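Here's the structure, in structure tokens; my notes come after.
Number of protein chains: 2
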Amino acid sequence: MTETTSILIKDPITIADEIKKQSILIVDNKIQEVGTNLENGDAEVVIDASDKIAAPALINTHTHVAMTLLRGVGGDVDLQDWLNNYIWPREANLTDELVYAGSKLAMAEMIKTGTVMFNDMYFNMEQTAKATDEVGMRATLGYGMIDLFDDEKRKQELKEAKKLIDSTHNTADGRIKVAVTPHAPNTCSGELISDAAKLAKDNNVKLHIHVAETKDEVEMIKDQHGMTPFEYLDSLNALSSDMIAAHGVWTTDDEIKTLAQRGVTISHNPSSNMKLASGIAPVAKYLEGGVNVTIGTDGVASNNNLDMFSEMKLTALLQKVDTLDPKVANTKEVFDMATVNAANALGINSGEIKEGKLADIMLIDANVPHMVPMIDVMSNIIYSSLNDVNTVICDGKILLQDKELQTINEAEIMKDVKVAAKEL
Amino acid sequence: MTETTSILIKDPITIADEIKKQSILIVDNKIQEVGTNLENGDAEVVIDASDKIAAPALINTHTHVAMTLLRGVGGDVDLQDWLNNYIWPREANLTDELVYAGSKLAMAEMIKTGTVMFNDMYFNMEQTAKATDEVGMRATLGYGMIDLFDDEKRKQELKEAKKLIDSTHNTADGRIKVAVTPHAPNTCSGELISDAAKLAKDNNVKLHIHVAETKDEVEMIKDQHGMTPFEYLDSLNALSSDMIAAHGVWTTDDEIKTLAQRGVTISHNPSSNMKLASGIAPVAKYLEGGVNVTIGTDGVASNNNLDMFSEMKLTALLQKVDTLDPKVANTKEVFDMATVNAANALGINSGEIKEGKLADIMLIDANVPHMVPMIDVMSNIIYSSLNDVNTVICDGKILLQDKELQTINEAEIMKDVKVAAKEL
């Protein structure tokens, strides 16, 4: 890791309140100044960014990062077939070593595509924490709880969740947070979800859960409880501004009102919802109803990469075609989903280039054929860019410079994962 | 341009009848041999591709390449607003110099993303032909005819189309073909479309047209002619295996039967149809009905890049979510759309890695984090890859090597386009 206490990013087109050429001074882990007249002064590192765009780095609000190990497993098949015959049998063989390797590969991929923070739910999470700490990213990590309505299992799962909070929350200079993460309303008992919400509240951490991903799930909840999934969660007192609900594909207008009232955040996962044929989330309606929308990639096995630029483009395109209205999900709204909305949801003082914010910044190459001309900067970022992230700074540290990872041995981790994937 | 008469591509994972490690020997402009035991022998250039995938290079079947000049103009607005207030006023200012610059920038972008051939409809096409010849790509080029039901204009347009055939068809060692390209059934008179079909047939060239892109267009044709767009075109004797119809978003089951019977090719443009909120083409039904489907980006102004990998992923994802069936539009079907189906549609002996085929090949980097592990090669190509094209060969000539353009001065063309875009 390049250890520095001050960095001057000189003359990029900066995505701030205004979009214009101005420099950014980082001191320690914060943005100290943004302006047109910053001199090199005492900055220990000066980055010439005159042919680049400086933007807040991206935040992926729904991941299972270690699933990079399962990239390409079971494509183009039905969801239940995919889970039962491809994913779950392999996940049964996971070990600490495999989760560590898979997580680290995911981090290589995320950093190279501009993501500095992710909100993860999976197993062996101490390993993902270890990798996050070493690599220098931010993360909110949760142990994925499933009790399948078994009372003993429920107690064990809650114990595991509490253990992770105690061992890992607020570690790595505060870069790592822990969340409580019950899997979904159709795989967890009502007791587990209530207890999970209480555990999150008591420990002042976030609650991360899958909700209303498929039609089948909604039908199951309605059959069992006579309510839609979010109505059911509301009856368990689980909805609050601490909840990040992944997917939210099949929701009613009434549920959307409730989500806005309770301050719930939706993590929209367009690639995964499309690839698994789950459906199209009503994101335009969420925006209109004042729901906080963010973006996730989901696990690599249903995407099949962790590139948030692709998800941003897809979010914009999918809403336009679904509503037959090209004006919905505009570029600013979509970029906010992947940055400031996510930072707000996860309770991190980042997501914007502004004095006092955490120094989580990416530089995007602007002088490549597919980014020329630059008539509308935000449009080029959302619609035109293709793996153009050149430099990534997280918490004031440089994680990627000139497209080279600074804190990960890329060749080694790829080798490890190739071996690991064969073991699964 | 690297002038060679024989190239050995050594040890890539090759996408051929089987997907496995085997080498490819190119002599002159053809693939001479594909096999596991090829020795360097007399090959003048040997490319070590042991960490790469060799695949047929991509073919973009619907473009307006010079529109790179308008990248980012008028985003997130209604189609008619976009055309009337953003696109058409600027297109009125096009000159030979501008079309040449915009075309060349598009070629830089296309080659870097693995595309070696495109099917274009626009203006000042001699300039696009000149750039294509210099750069070493393949193209089918057409002068975009619009008569707006004016008899004099119709005659002029046909004269322009004929002039382009005479000057440009089968030039550049056969790499450039000309097509007859009436704009659309709602902007061209029936006489123009009939005459265009006849002109194409008499000159043994392709017929390229926009059809059934928007609901409004379909309603207009139904009001005027009492028929759906493809029924109307059939009544004009325009449908044949020489037609490439772009979009085909709003088609009936009866039209799909007719398209299959007449051998019409559909160029599916998912990004553009989504961005302009035109609708979702029934690609799964086309496949089921035996229609030849290919893929296009459309112009940059409605995409906003020319990356065919993004279009392939989007084609697969969009059909799955639209039909709620994850099994439709599988990876092989989608890859064929961007390669062999397109070669067949345009009458080019390429699109496959096979002895005797034209040497149009791309090498894709396989040893990058988001392509690891490589459990399913085709899945990684369609779903995981992100701007990973390393080398491109067209007609036996190397156009891209180690991600560097060999036949285009990239810095110069970007500079020219930045200036040009300001003039529009």
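If you're matching them up, the sequences are chains U and H in order.
Under my numbering, the letters of the first sequence match residues -16 to 407, in that order.
Under my numbering, the letters of the second sequence match residues -16 to 407, in that order.
Here a beta-carbon is modelled for each residue, glycine too, at the ideal position from N, C-alpha and C.
Source: prediction; values computed, not measured.
Would DSSP call residue i helix, strand or coil?
| i | result |
| --- | --- |
| residue 158 (chain U) | coil |
| residue 372 (chain U) | strand |
| residue 201 (chain U) | helix |
| residue 327 (chain H) | helix |
| residue 259 (chain U) | coil |
| residue 175 (chain H) | helix |
| residue -16 (chain U) | Unreliable positioning characterises residue -16 (chain U) in this predicted model, as indicated by a pLDDT of 46, which lies under 50. The coordinate reading is nonetheless provided below. In this structure, residue -16 (chain U) counts as coil in the three-state DSSP scheme. |
| residue 407 (chain H) | coil |
| residue 390 (chain U) | coil |
| residue 164 (chain U) | strand |
| residue 5 (chain U) | coil |
| residue 337 (chain U) | coil |
| residue 11 (chain U) | coil |
| residue 152 (chain U) | coil |
| residue 353 (chain U) | helix |
| residue 16 (chain U) | strand |
| residue 408 (chain H) | With chain H covering only -16 through 407, there is no way to say anything about residue 408 (chain H). |
| residue 21 (chain H) | coil |
| residue -3 (chain H) | strand |
| residue 409 (chain H) | Past the edges of chain H, shown from -16 to 407, lies residue 409 (chain H), and the structure says nothing about it. |
| residue 29 (chain H) | strand |
At 9 Å on the CB atoms, spell out the chain H contacts of residue i, in chain order.
| i | result |
| --- | --- |
| residue 262 (chain U) | 304, 307 |
| residue 401 (chain U) | 355, 356, 357 |
| residue 310 (chain U) | 59, 60, 61, 260 |
Note down, in chain order, every chain U residue with its Cβ under 7 Å from the Cβ of residue i.
| i | result |
| --- | --- |
| residue 254 (chain H) | 300 |
| residue 397 (chain H) | 350, 352, 355 |
| residue 281 (chain H) | Per Cβ cutoff of 7 Å: no residues; residue 281 (chain H) is ~12 Å from chain U at best. |
| residue 404 (chain H) | 356, 358 |
Would residue i and residue j be called neighbours here (beta carbons separated by less than 8 Å)?
| i | j | result |
| --- | --- | --- |
| residue 96 (chain H) | residue 290 (chain H) | yes |
| residue 250 (chain H) | residue 209 (chain H) | no |
| residue 179 (chain U) | residue 120 (chain U) | no |
| residue 17 (chain U) | residue 38 (chain U) | no |
| residue 350 (chain U) | residue 276 (chain U) | no |
| residue 342 (chain H) | residue 13 (chain H) | yes |
| residue 98 (chain H) | residue 105 (chain H) | no |
| residue 217 (chain H) | residue 241 (chain H) | yes |
| residue 309 (chain H) | residue 66 (chain U) | no |
| residue 143 (chain H) | residue 130 (chain H) | no |
| residue 253 (chain U) | residue 294 (chain U) | yes |
| residue 307 (chain U) | residue 102 (chain U) | no |
| residue 215 (chain U) | residue 204 (chain U) | yes |
| residue 15 (chain U) | residue 238 (chain U) | no |
| residue 376 (chain H) | residue -10 (chain H) | yes |
| residue 399 (chain U) | residue 84 (chain U) | yes |
| residue 283 (chain H) | residue 73 (chain H) | no |
| residue 86 (chain U) | residue 49 (chain U) | yes |
| residue 366 (chain H) | residue 286 (chain U) | yes |
| residue 173 (chain U) | residue 222 (chain U) | no |
So if DSSP puts residue i in a beta bridge, which residue, or which two residues, is it bridged to?
| i | result |
| --- | --- |
| residue 348 (chain U) | U:35 |
| residue 379 (chain H) | Looking at the DSSP assignment, residue 379 (chain H) forms no beta bridge with any residue, so it has no partner. |
| residue 126 (chain U) | U:105, U:163 |
| residue 249 (chain H) | H:228, H:276 |
| residue 254 (chain H) | Answer is none; residue 254 (chain H) lacks a bridge partner. |
Name, please, each residue of chain U whose Cβ falls closer than 8 Å to the Cβ of residue i.
| i | result |
| --- | --- |
| residue 37 (chain H) | Result: empty, since nearest Cβ-Cβ is about 18 Å, beyond 8 Å. |
| residue 58 (chain H) | 313, 314, 359, 362, 366 |
| residue 290 (chain H) | 353, 369 |
| residue 257 (chain H) | 300, 301, 303, 304 |
| residue 287 (chain H) | 362, 363, 366, 367 |
| residue 13 (chain H) | Within 8 Å Cβ-Cβ: nothing; residue 13 (chain H) doesn't reach chain U, min ~29 Å. |
So which residues of chain H does residue i contact, with C-beta pairs closer than 8 Å?
| i | result |
| --- | --- |
| residue 324 (chain U) | Here the premise fails: no neighbours, minimum Cβ distance about 18 Å. |
| residue 91 (chain U) | 352 |
Residues of chain H with a CB under 7 Å from the CB of residue i: which are they?
| i | result |
| --- | --- |
| residue 88 (chain U) | 352, 355 |
| residue 393 (chain U) | 352 |
Considering only heavy atoms of the ligand SAM, does any lie closer than 7 Å to the CB of residue i?
| i | result |
| --- | --- |
| residue 191 (chain H) | As presented, the structure is devoid of all ligands, the ligand SAM included, so that no description of it is given. |
Only counting runs of 3 or more residues, tell me where the beta strand (DSSP E) segments fall wholly within the segment 267 to 322 of chain H, in order along the chain.
Within the segment 267 to 322 of chain H, the runs of beta strand (DSSP E) that reach at least 3 residues and sit entirely inside it are, in chain order, 275 to 278.
Could you tell me which uninterrupted beta strand (DSSP E) segments, each at least 3 residues in length, are contained entirely in the segment 55 to 122 of chain U, listed from first to last along the chain?
98 to 105
Could you give the uninterrupted runs of the alpha helix (DSSP H) lying entirely in the segment 209 to 240 of chain U, keeping only those of 4 residues or more?
212 to 218
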